[in-house]
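Residue numbers (the working numbering), protein chains in the order written: chain A, 1 to 202; chain B, 203 to 403.
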């Protein structure tokens with residue numbers, strides 16, 4: 001009688017294989033999309049030239065107007081813009097959004113170009129009115145699967161930084177050459193607004 | 203090495219490969235519930251931003267308001283957290299946290315001068331609401347209540363540092379910067395509320 005010499009797998013390996021096959025589904029879900037939501041929100045406002053020019057113009061105008069408009073506009077604007085986003089999320093219709101955004105660039109460019117100095121409430125109302133359009137159009141464009149809160153955080157931070165950039169650039173207003181440069185920049189923004197309007201109506 | 207220890211070693215190695223249901227949802231650091239709680243506050247914007255707003259508001263309202271908020275908010279957070287943990291279910295929609303963003307951020311943006319009792323009441327409301335939600339989530343996830351201590355400790359340190367910093371600020375433009383931060387938090391809260399109320403298309 002001869003013994004069977006066929007090699008057999010070690011018992012430990014068989015046991016390990018069986019245990020692996022007995023794996024149960026892991027109920028955990030990873031919190032994916034968190035950073036993506038934040039980065040999308042951060043990127044969104046700077047990806048549209050209409051939004052960029054309008055936000056920077058608000059800062060430039062605030063710098064031209066000086067205090068108290070200089071600090072009132074950055075405090076009020078994010079909340080008004082978020083109100084526009086809130087309306088968009090609730091599905092409240094706001095006709096002519098793209099036209100409103102284009103007109104905002106034209107008017108904000110013109111007030112900077114002409115260094116307009118209306119009463120404070122008029123300036124706040126003008127900026128607030130157009131802020132609603134910008135929030136409505138841009139604040140609700142969340143890609144599927146991304147975190148809404150972090151998208152909103154990124155969106156508000158990016159818009160606020162654009163605004164602060166405008167204010168920082170506007171500090172050149174203290175020099176005569178700087179004033180001319182600011183007014184020229186306003187004219188360029190107004191011309192770009194005409195181009196946006198053409199695109200919106202055609 | 204004899205055959206028996208080898209078998210035992212193999213069995214232990216195999217058992218370590220056996221996954222178990224994790225049921226995880228809250229952030230885990232691998233360092234235990236206390237550190238999970240600490241990291242939760244810093245990684246969860248729905249809790250972090252209202253705490254920042256409270257610290258900014260308390261700082262704008264002076265040292266007395268800051269001192270009261272420093273102790274009342276964490277105490278209320280722990281109380282609410284234990285109640286939520288005992289309840290085991292949040293009962294409230296997560297969107298309710300938008301109220302903290304809107305109220306605290308809005309008051310900071312407006313630079314609203316409140317009596318110390320007003321700041322204390324807001325600190326208590328914030329702590330109870332967010333603590334309740336945290337405690338209920340921890341219980342739902344089957345985790346230890348010790349995580350609440352981590353959250354409360356982190357909130358205490360955050361309020362202490364930020365409120366003291368705001369109280370210390372002197373140049374007028376720094377007060378405006380604090381108000382701008384408050385307006386950003388309120389704006390995020392308004393959008394958060396919109397996302398919560400939104401009906402899917």
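Cβ atoms here follow ideal geometry from the backbone N, Cα and C, with glycine treated the same way.
Other residues of its chain near residue 253/B: CB distance less than 6 Å, five sequence neighbours each side excluded | Closer than 6 Å at the Cβ level, and outside the excluded window around residue 253/B, lie 357 and 360.
With 16 as the cutoff for other CB atoms within 10 Å, does residue 28/A come out buried or exposed?
-> With a pLDDT of 45 at residue 28/A, under the threshold of 50, the predicted position of this residue should be treated as unreliable, though the coordinate-derived value follows. Exposed: under 16 other Cβ atoms inside 10 Å.
Report buried or exposed for residue 294/B, applying the criterion of at least 16 other Cβ atoms within 10 angstroms of its Cβ.
-> exposed
Assigned exposure category for residue 118/A - 16 Cβ within 10 Å defines buried = exposed
Grab me the residues of residue 194/A's own chain with a C-beta within less than 7 Å of its C-beta, minus the 5 sequence neighbours each way, in chain order.
-> Cβ within range, chain order: 106.
Alpha carbon of residue 148/A to alpha carbon of residue 155/A, nearest angstrom | 10 Å
Looking at the structure shown, is residue 93/A part of a helix, part of a strand, or coil, going by DSSP?
-> coil
What distance in whole Å lies between the Cβ atoms of residue 57/A and residue 109/A, which are believed to be in contact at a cut-off of 8 Å?
-> 6 Å
Euclidean distance between Cα positions of residue 200/A and residue 99/A | 6 Å
Are residue 251/B and residue 390/B touching if we call contact CB-CB under 8 Å?
-> yes
Taking residue 390/B as the query, report the chain A residues whose CB atoms sit under 8 Å from its CB, ordered along the chain.
-> 82, 149, 152, 153 and 156
Is the CB-CB distance between residue 303/B and residue 371/B below 8 Å?
-> no
DSSP state of residue 224/B, grouped into three classes?
-> Model confidence at residue 224/B stands at a pLDDT of 44, short of 50, so the residue's coordinates are unreliable and nothing is read from them.
Looking at the C-beta of residue 90/A, does it have a partner C-beta in chain B at a distance below 8 Å?
-> yes
Whole-angstrom C-beta distance between residue 84/A and residue 132/A, which should lie under 8 Å | 4 Å
Give the straight-line distance between the Cα atoms of residue 224/B and residue 280/B, rounded to the nearest whole angstrom.
-> Reliability fails at residue 224/B, whose pLDDT of 44 lies under 50, so the model's placement of it is uncertain and the value that follows must be treated cautiously. Near 26 Å, if we compare the C-alpha coordinates of residue 280/B and residue 224/B.
Would you give the residue range spanned by the alpha helix (DSSP H) that residue 279/B belongs to?
-> 265-289
Less than 8 Å separating the beta-carbons of residue 187/A and residue 116/A?
-> no
Quick one: which chain A residues come within Cβ less than 9 Å of residue 254/B?
-> Residues of chain A passing the Cβ test: none, with the nearest at roughly 12 Å.
Between the C-alpha atoms of residue 93/A and residue 86/A, what's the straight-line distance to the nearest angstrom?
-> 12 Å
Where residue 74/A sits in the DSSP three-state scheme | helix
Which whole-angstrom value is the C-beta distance of residue 270/B and residue 318/B, which I expect to be below 8 Å?
-> 6 Å
Is any beta-carbon of chain A found at less than 8 Å from that of residue 311/B?
-> Contacts with chain A at 8 Å (Cβ-Cβ) include residue 311/B.
Given that residue 386/B touches chain A, what residues does it touch there, using C-beta distances under 8 Å?
-> Under the 8 Å cutoff, chain A gives 78, 156, 157 and 160.
Assign residue 40/A to buried or exposed, taking buried as 16 or more other Cβ atoms, counted over all protein chains shown, within 10 Å of its Cβ.
-> buried
Given that residue 71/A touches chain B, what residues does it touch there, using C-beta distances under 7 Å?
-> Ordered by position in chain B, the residues that pass the 7 Å Cβ test against residue 71/A are 378.
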